[in-house]
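Chemist: Right, I'll just put the structure down here and ask away after.
Chains as they are written, first to last, in this note's numbering: chain G, 2 to 480; chain P, 2 to 480.
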C-alpha cells in the first residue's frame, strides 16, 4: 500500500513577485485545516512539496510547520509525516463524506444477453470469420507506418486527409459525387450513426423493424421517438404501409440500411430506393443511409445507393471494420457543404478524434491496393459459404421452415413456424454449443417475423454443417 | 469514370428449394421496372450478376432478357449493357429525385475560430510540447505488439482487461478503491464525459464557469440546462455563492475538473473538495471528477481526489492522451458495481469499442514501466518551464497584469485590466505569429475574469520568451 494522500492547500490573493511570509502561511494553513471537521486526521504536504508549490525555501516551510505544531493545529506521527490534530482527541477521526450516486437512465428493453462461450459455434454472427481477414497484412502496414514516418503526434478532428481522399475517390467510382472535404472519419459506423442522431434537430426518427438493436437503444437513450418501418425479407417493402406510417408520424430523420439490413438481411431494390427518395421530398424527412454490407456481396459496388439516387443531402455511412477487422473501429460519414461543419462538431463533442495511427495504418493498407485484392478473395469465399449454407438448409431443414436467398454476402433470415419457441430453441442449442440470437427486442411492435439471422460469413462450411444439423434437430424436437 | 450503376432487383416469395422459372422472372422484372417512371433509362444487372444472385444458369437469364427486349421493356445499348426502355421515347430520362436536407442543430454560441498557422507560437495550448513526448518509445511498443501477438482481431467493449487492471492498481496506490471490473476504457477523456452526460438521468448539470468549452457545447447539444459555478483562480471558490447556486438550481450532476481546471488553471484545495462532497449529500447531486491534470504536476499523485474523499459513487475520469501523446485518444472512466453496466452501455451505443491495438500498445508501454520514467522526466521539464515562465512574467508584464502561481503543471491564468480588449490583443498578436485563446464564450454569465490561460508546457523557454515579449508589447500598446 502506498503512502496516505495529503491535503491540497491553496494560498489566495498572492501577488506576483511577492513570496508569502512564514506568518502569513501559518495563518492560511490554520484557517484551511480548522475550517471543517472533516479534515481532522488528514496528512499535510511534505516540506519539499509545499516549498516547491510556493517557490519558497524549505527552511521557511519547516518553520511554518514547527509553529503549527506548537499551536496544536497539527501533530507529527512517526515516519508518516504531519497530520491535522483532532480538536477533541477523544473523538475518533470521522469517516469522510460518502456521496450519493448519480441517477442513471435505464433502457426500457434489453437485448437478451448472448454470451458466446469459447468453442461455441455462433450461427447468428454478422462478422466475417476472423480467420479469413487480412490481419497479417494490416499488421505489416501498421508496422511500416510506425517505423516511418513514425507515431503521429497530433490528429485531424475531421480525419486523416489522405484517407478521406481515398474514400471520396472510391465513392465517385460508385456514382456518388463525393469530396474529401465532406467526409468525416469515425470510430466505426456506430459513431457515424451517433453523430447524426446527436446533431439531428428532430424528436422523431424512423428505421426498419426489426431494427439494428444497438441503434434502437441509441435512439431511446437520445430521447427520440422511434417509428418502426416493417421489413419482410421475403416480400420486400409494403409501400402503402410505409407511406402511411411516414405520413402519420412525420419523422425528421429516416435511418435505413440498404444492403443486408441487420437483422433481416434484406437489401432494397432500386425501385424501393426511388420511392424512399420521393417520400423524402414529399414528407420532408432527411435520410441517413447505412451501406455497411455492400462490399461483402460480389458485384454489389455497381448497384446504386440512396446517396447516388437522392443526391448530396442523403447522409451516407460505411465502415472498414466489418470487412477488414472488427478491432479497427474505422468508419466514415459523408455529408455535404451545408452539413459538414455540424457533423464535425458532433464528432468533436463525442471523442475529439480517432487515434491518428489507426487512420495512417489503414490508409497504408488501402494505398498499397490491398483492399481490392482482399475483397476479391473474401467475396469468393463468402459466395462459397453462401451456396454451401443454402445446400445444407435444403437438405436439413424440416418442411415449414423458410429462408431468404440474398445471393451472397454475410447473412440471411431463417423463418420458423410460430409454434417453435425461439427462447427455448436458443437455450437448447446453447447447451449444445451453438449460439443463435433471437430478435424479439428488435421489433417496435408485435413481431411480424418469427426467426433469426444466419451468418454464413462467420462459420466455415464444416462448422456450418455441425451447427445447422443441431439446429435442425432442435427445431424438429420443438415442432 | 467507372461503369454506370445498375438496378437492384428483388424476387419475392421464392420458396426454398425452388428456382424461379424464366417466365416468372420476366414477369417479376417487368413489374419492377415499369412500376415507377423514375427507373426509365436505368441499367439492368449483367447476366452473370443476376445468375449468381438467383442461383440459376446464365442461359436462363439470357433468355429472360431476350424476352424482355422482345416485349419492348428493355433495350440494349452498344457495349454498355441493357437499359430500361422509356415508355415514351420522346420524353427525356427524368432527373433522379433530389432529397431535402436533414434539419441540424445549431449551437447558440461558438468559440471564435482559433486557427494555428504553421510556425505560430501557441501561448494558450493545454498540450505538452510534442517534442518532449515519448513518441519513439510508444512506436516501439506498438511495433512490438504488432509483431507478437499481432494485430488483435476482436475487442472488449469495456476495454482491454490488462489495461483496466493496470489502471485500477495505479488508482489504488492513490487512495482510490478501484477494481478493473469498474473501469471503462474510452476514446480520450472526451468520451468519458460524453458517456456520463448521455447516461445521466437529469436535465440540469453544473460545471465551472469559465468552463471547458467543448464540454459546454456537449451539454448544450445534449439539451441539458447548464449552471455555471464561478471559479476565481486567484481567490478560490466562493463557498456561499456555490452553495446558493446548488440549492437554487438543484443540478442532478456536477462536473468538476479538480486539477488545472481548463481554462482557469485552478486546482481545488482539500477543504473545498470536502465541502463539495458534503453538498452532494445535502443536495442530492451526482459528481463526475475530471482529473486530467494531476500527473502533470510533481508530487500531485499524493493529493486526494474527490473520488478518494467521496467514495465509489463519485465518477472519476482521466486520460493518457494529454500526458503521452494527443493522437492516442485513450482515457478511462471509473464507476462502481451499481453504475458500470450503464456506463458500458453508454460507450456501446456511441462507438462499440476502442481500437484494440491502441489498448494493447499502450498497455505494453505501461507494463514496461515507461510511464513513470517518462513522468519523472516530463515533470522536471515542466517545473523548469513553469519557473522560467514566472520569471519572464515578473520581468516583462506591466504593473496591472496579474497571474496565478499553480506551482507547476501545464497552465496558469493571466488576468488583464478590463481596459485591454482581448479580441484586439489576439488579433494584434496573431499578426505577430503568437496565438492566444480568449475565453469569453467559456463563461455562463457576465465574465468575472478578463484574461486567458498561458500554457508553459507547450512552448520551450526561448519560444516562451519571444511570445511573452510580444504579449507584453501588445498589452502596453492597448493599455
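Even glycine gets a Cβ: it sits at the ideal position worked out from N, Cα and C.
Who are the neighbours of residue 254 of chain P on chain G, taking C-beta pairs under 9 angstroms?
Modeler: Simply 103, 104.
Chemist: Does the Cβ-Cβ distance between residue 361 of chain P and residue 146 of chain P come in under 9 angstroms?
Modeler: It is a contact, given that the beta carbons lie within the stated cut-off.
Chemist: Does residue 93 of chain P have its Cβ less than 9 angstroms from a Cβ in chain G?
Modeler: Model confidence at residue 93 of chain P stands at a pLDDT of 40, short of 50, so the residue's coordinates are unreliable; what they give is reported in the following sentence. Taking Cβ atoms only, chain G never reaches closer than 9 angstroms to residue 93 of chain P, which makes this a no.
Chemist: If you count every other CB in all the chains shown that lies within 10 Å of the CB of residue 449 of chain P, and 16 or more means buried, which is it?
Modeler: Residue 449 of chain P comes out exposed.
Chemist: Looking at residue 158 of chain P and residue 354 of chain P, is the spacing between their C-beta atoms short of 9 angstroms?
Modeler: Against a cut-off of 9 angstroms, the Cβ pair of residue 158 of chain P and residue 354 of chain P comes out as a contact.
Chemist: For the alpha helix (DSSP H) containing residue 281 of chain P, list its first residue and its last residue.
Modeler: 271–284 is the span of the alpha helix (DSSP H), which, as asked, contains residue 281 of chain P.
Chemist: Is the beta carbon of residue 167 of chain G sitting closer than 9 angstroms to the one on residue 265 of chain G?
Modeler: In this structure, residue 265 of chain G does not lie closer than 9 angstroms to residue 167 of chain G by Cβ.
Chemist: Quick check: is the beta carbon of residue 390 of chain G nearer than 9 angstroms to any beta carbon in chain P?
Modeler: So no, residue 390 of chain G is outside the interface.
Chemist: Identify each residue in the stretch 320–333 of chain P for which the Cβ-Cβ distance to at least one residue of chain G is less than 9 angstroms, and report them in chain order.
Modeler: The residues in question are 322, 326, 327, 328, 329, 330, 331.
Chemist: In terms of residues, what are the limits of the alpha helix (DSSP H) holding residue 362 of chain P?
Modeler: Where residue 362 of chain P is concerned, the enclosing alpha helix (DSSP H) stretches over 357–368.
Chemist: Could you tell me the alpha carbon to alpha carbon distance between residue 256 of chain P and residue 319 of chain P, rounded to whole angstroms?
Modeler: Straight-line Cα distance between these residues: approximately 13 angstroms.
Chemist: Taking Cβ positions only, does residue 22 of chain G come closer than 9 angstroms to chain P?
Modeler: No, because no Cβ of chain P sits closer than 9 angstroms to the Cβ of residue 22 of chain G.
Chemist: So is residue 273 of chain G buried or exposed if we call it buried at 16+ other beta carbons inside 10 Å?
Modeler: Counting Cβ neighbours within 10 Å, residue 273 of chain G comes out buried, since at least 16 surround it.
Chemist: Using a Cβ-Cβ cut-off of 8 angstroms (strictly less than) and excluding sequence neighbours within five positions of residue 468 of chain G, which residues of its own chain qualify?
Modeler: The answer, listed in chain order, is 122, 124, 435, 460.
Chemist: Taking only beta-carbon atoms, is residue 263 of chain P less than 9 angstroms away from chain G?
Modeler: Answer no: the Cβ-Cβ gap between residue 263 of chain P and chain G never drops below 9 angstroms.
Chemist: Mark residue 401 of chain G as exposed unless 16 or more other C-beta atoms lie within 10 angstroms of its C-beta, in which case mark it buried.
Modeler: Classification of residue 401 of chain G: exposed, given that the 10 Å Cβ count is below 16.
Chemist: Going by DSSP in three states, residue 251 of chain P sits in which element: helix, strand or coil?
Modeler: DSSP places residue 251 of chain P in coil when its eight states are reduced to three.
Chemist: Using only alpha-carbon positions, find the residue among P:79, P:75, P:85, P:20 that is nearest to residue 54 of chain P.
Modeler: Here the closest residue by C-alpha is P:20.
Chemist: Give the list of continuous alpha helix (DSSP H) stretches no shorter than 4 residues that lie fully inside the stretch 145–197 of chain P.
Modeler: Listed in chain order, the complete alpha helix (DSSP H) runs (minimum 4 residues) inside the stretch 145–197 of chain P are 162–173.
Chemist: How big is the Cα-Cα spacing for residue 139 of chain G and residue 32 of chain P?
Modeler: Between residue 139 of chain G and residue 32 of chain P, the C-alpha separation is close to 46 angstroms.
Chemist: Could you compute how far the alpha carbon of residue 295 of chain G sits from the alpha carbon of residue 100 of chain P?
Modeler: Looking at the two C-alpha atoms, the distance is approximately 22 angstroms.
Chemist: Nearest to residue 5 of chain G by alpha carbon, out of P:178, P:103, P:261, P:71?
Modeler: Of the candidates P:178, P:103, P:261, P:71, the one whose C-alpha sits nearest the C-alpha of residue 5 of chain G is P:178.
Chemist: Quick one: residues in its chain with C-beta nearer than 8 angstroms to the C-beta of residue 196 of chain G, no 5 flanking neighbours on either side, listed in chain order?
Modeler: If we look at residue 196 of chain G and ignore the five residues flanking it on each side, its Cβ neighbours are 185, 187, 334, 344, 347, 348, 351.
Chemist: Check whether the stretch 65–73 of chain P and the stretch 275–289 of chain G touch, using three or more Cβ-Cβ pairs below 8 angstroms as the test.
Modeler: Because the criterion of three Cβ pairs below 8 angstroms is not met, the stretch 65–73 of chain P and the stretch 275–289 of chain G do not touch.
Chemist: With contact counted as at least three CB pairs below 8 angstroms, one residue from each stretch, are the stretch 356–374 of chain G and the stretch 148–165 of chain G in contact?
Modeler: Because the criterion of three Cβ pairs below 8 angstroms is met, the stretch 356–374 of chain G and the stretch 148–165 of chain G touch.
Chemist: So, is the C-beta of residue 335 of chain P closer than 9 angstroms to a C-beta in chain G?
Modeler: Closer than 9 angstroms: no.
Chemist: Compare the C-beta of residue 7 of chain G against all C-beta atoms of chain P and say whether one is closer than 9 angstroms.
Modeler: So, interface residue.
Chemist: On a CA-only basis, which of G:136, G:340, G:288, G:417 is nearest residue 235 of chain G? Give me that one, please.
Modeler: Ranking G:136, G:340, G:288, G:417 by Cα distance to residue 235 of chain G puts G:417 first.
Chemist: Between P:407, P:211, P:364, which has its C-alpha nearest residue 447 of chain P's C-alpha?
Modeler: The shortest Cα separation from residue 447 of chain P among P:407, P:211, P:364 belongs to P:211.
Chemist: According to DSSP, is residue 76 of chain G helix, strand or coil?
Modeler: In the structure shown, residue 76 of chain G sits in a strand (DSSP, three-state: E or B).
Chemist: Excluding sequence positions up to five away, which residues of its chain have a Cβ less than 8 angstroms from the Cβ of residue 48 of chain P?
Modeler: Excluding sequence neighbours, residue 48 of chain P sits near 59, 62, 63, 66.
Chemist: So for residue 414 of chain P, helix, strand or coil by DSSP?
Modeler: Residue 414 of chain P falls in the strand class under three-state DSSP.
Chemist: Which residues in the same chain have their Cβ closer than 8 angstroms to the Cβ of residue 129 of chain G, if we skip the five residues on either side of it in sequence?
Modeler: If we look at residue 129 of chain G and ignore the five residues flanking it on each side, its Cβ neighbours are 297, 323, 324, 379, 383, 411, 458, 459.
Chemist: Report yes if the CB atom of residue 440 of chain G is closer than 9 angstroms to the CB atom of residue 456 of chain G, and no otherwise.
Modeler: Not closer than 9 angstroms, so no.
Chemist: Do you know offhand how far residue 276 of chain P's Cα is from residue 182 of chain G's?
Modeler: In a straight line, the C-alpha of residue 276 of chain P is about 49 angstroms away from that of residue 182 of chain G.
Chemist: List, in order along the chain, the chain G residues whose C-beta lies closer than 8 angstroms to that of residue 281 of chain P?
Modeler: Residues of chain G passing the Cβ test: 98, 100, 101.
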